[in-house]
Amino acid sequence: MAVLITGHRGFIGQNMMAALPGAVGHEWGDGDPNLDGIDRVIHLGAISSTACRDWDALMAQNVVSSVRLITECERRGIPIQVASSAAVYGPNNTTFVETDKPDPRNPYAMSKFIVEKYVERHTWAVPVQLFRYFNVYGAHEDHKDQPSPHSLFRRQAAADGVIKVFEGSENFLRDFVSVEQVIDTHLRFFDLSCSGVYNVGTGTAMSFMDVARDVAAVTGAEIQEIPMPDHLKQNYQPFTRADMTKTNSALGAS
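Below, the structure written as structure tokens:
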């Protein structure tokens, strides 16, 4: 099976390429991907920074290119999987069910939401599967501007022996999901003919402070609490935990 992976040089893309030897990679700026001979597409390529405020760039890379690729895949009869984000739920959601009313609060989240709505408003002749990633961590995060706390805290511990967490981090909980589990979900959905939006998380939540303590226990680093910057306070999510009912049901899990 020939698989095309867009965004193959990114964090998840590098791990996906390693899991699928022989896959074809494609990056933004290389022109439209060549779909000749391709059996399946995993579309990871996008501006992934939640801090991006360049709406023109987000529209071009996250929305227009995604819609073009999805429609071309259908025209050719190629199933496609698309990376979305739990950011579409917004900062005040507490249930994180795919049918919850979205509340995208930043341009990045809005770009993902627009693609989701485009897919949901059509009936597709091939599987079009969108995955709302929660907080993914793992290998190859080094280049990211916003690495997961697992990677960031280890980086800080190695640099100067101090892990910096925001004050009150015991109260900031996230559904941290390993990149290996994300890839496993993608691969298991290869066998399914369903289309739609699916959560990809663990269904459990862990505080930033607990992550810091785990890293400190391994590295011997000191934990230092710092004030949260003002620009983060308004829309900072205090809690995420994927409801995995729909995803597990599709996969036949309990």
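First residue of the sequence shown? That's 232 in the numbering used here, and the numbers climb one at a time after it.
Cβ coordinates follow ideal geometry from the N, Cα and C atoms, glycine included.
From a predicted model like this one, the values you see are computed outputs, not experimental measurements.
Which stretch, first to last residue, makes up the beta strand (DSSP E) that contains residue 430? 427-431
Residue 383 - containing alpha helix (DSSP H), residue span: 380-391
Could you say if the region 267-285 and the region 307-320 meet the contact criterion of at least three C-beta pairs nearer than 8 Å? yes
How many Å lie between residue 478 and residue 348 at the Cα? 19 Å
Using the three-state DSSP reduction, which class does residue 251 fall into: helix, strand or coil? coil
Report the partner residues of residue 453 according to the DSSP bridge assignment. 393
With DSSP run on the structure shown, which of helix, strand or coil describes residue 368? strand
Using a threshold of 9 Å, state whether the C-beta atoms of residue 470 and residue 430 are closer than that. no
Going by the CB atoms, is the gap between residue 425 and residue 360 shorter than 9 Å? yes
Closest residue to residue 289 among 259, 440, 304, 264 (Cα-Cα distance): 259
Scan the region 235-307 and note each continuous alpha helix (DSSP H) run of 4 residues or more that stays entirely inside, going in chain order. 242-250, 286-289, 296-307
Which same chain residues end up closer than 6 Å to residue 251 when comparing Cβ atoms and leaving out the 5 residues on each side of it in sequence? 234
If you draw a straight line from the alpha carbon of residue 391 to that of residue 457, how long is it in whole angstroms? 16 Å
If we call anything under 9 Å between Cβ atoms a contact, is residue 313 one with residue 346? yes
Just to confirm before moving on: does the CB-CB distance between residue 459 and residue 467 stay below 9 Å? yes
Between residue 283 and chain D, is any beta-carbon pair separated by less than 9 Å? Of the chains in the structure shown, none is chain D; there is only one protein chain.
For residue 408, report the span of its beta strand (DSSP E) as first-last. 407-409
Under a Cβ-count criterion, where at least 16 other Cβ atoms within 10 Å of its own Cβ denotes burial, should residue 292 be classed as buried or exposed? buried
Length of the line joining the Cα atoms of residue 355 and residue 427: 10 Å
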